[in-house]
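Asker: The structure follows.
This is how it looks when you write it as structure tokens:
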């Protein structure tokens, strides 16, 4: 029983640190966020951040890696490369992965704008794993398909970019909606994902 309680406390502490780290990385940025601030928000000792994640960078990369793990799990469950429309399945999977953490979208935007983070080996490897799903979908196209010659990085950004921006726009709408006299109407996530998946499907089949 004691071991179970200890294990649960460990899981709770890790989760609290991840939640705090994601919020601070998203709202303030990686460079100006300190381990002490993360620990204070998580309600734990500063040393526990290093104990569980090795460093601030290790925490950052694990937050990103969680989204990649979710995407890979969903891709495996749906057998994405053998799906009738793998490109549509890809958009749905990436949307779920990005939406799995409240602060992930703004974190990713800051990632793109921070050259120091983009040049970080561990972070680059994590993002490359995320892009591997897009590469797999392109590789599954017929051998004579024009899209097989497209740059996977460009295709991946064309898919992920709108999903990230939609997530951020939704957050902004929620924050400013109470102050507006007229409501701001956005498509639902399901509607937006369907439009994006249809656009990608048409592009790959052109």
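Numbering (UniProt numbering), first residue to last: 1 to 206.
Glycine included, every Cβ here is placed at the ideal spot set by N, Cα and C.
Please read these numbers as outputs of a predicted model, since none were measured by experiment.
The alpha helix (DSSP H) spanning residue 76 covers which residue range?
Answerer: 56-78
Asker: Hey, residue 95 and residue 189: beta-carbon distance below 8 Å or not?
Answerer: yes
Asker: Helix, strand or coil for residue 101? Go by DSSP, reduced to three states.
Answerer: Correct three-state label for residue 101: coil.
Asker: Please state the DSSP three-state secondary structure of residue 83.
Answerer: coil
Asker: Rounded to a whole number of angstroms, what is the C-alpha to C-alpha distance between residue 46 and residue 69?
Answerer: Taking the straight line joining both Cα atoms gives about 27 Å.
Asker: Output the distance between the C-alpha atoms of residue 192 and residue 41, rounded to the nearest integer angstrom.
Answerer: 34 Å
Asker: Residue 29 to residue 158, Cα distance in whole Å?
Answerer: Rounded to whole angstroms, residue 29 and residue 158 show a C-alpha spacing of 24 Å.
Asker: Is it buried or exposed, residue 202, if we count other Cβ atoms within 10 angstroms and call 16 or more buried?
Answerer: exposed
Asker: Using three-state DSSP, classify residue 142 as helix, strand or coil.
Answerer: coil
Asker: Judging by CA-CA distance, which residue of 175, 184, 176 and 162 is the nearest neighbour of residue 194?
Answerer: Residue 162 is the option with its Cα nearest to residue 194.
Asker: If we require 4 or more residues per run, which alpha helix (DSSP H) segments fall completely within the segment 118-184?
Answerer: 121-139 and 152-176
Asker: Candidates 87, 78, 17 and 83: which alpha carbon is nearest residue 148's?
Answerer: 87
Asker: Would you call the CB atoms of residue 109 and residue 168 closer than 8 Å?
Answerer: yes
Asker: Mind reading off the beta-carbon distance from residue 89 to residue 97? Whole number of angstroms is fine, and I expect it under 8 Å.
Answerer: At roughly 12 Å, the Cβ-Cβ gap does not stay under 8 Å, so residue 89 and residue 97 are not in contact.
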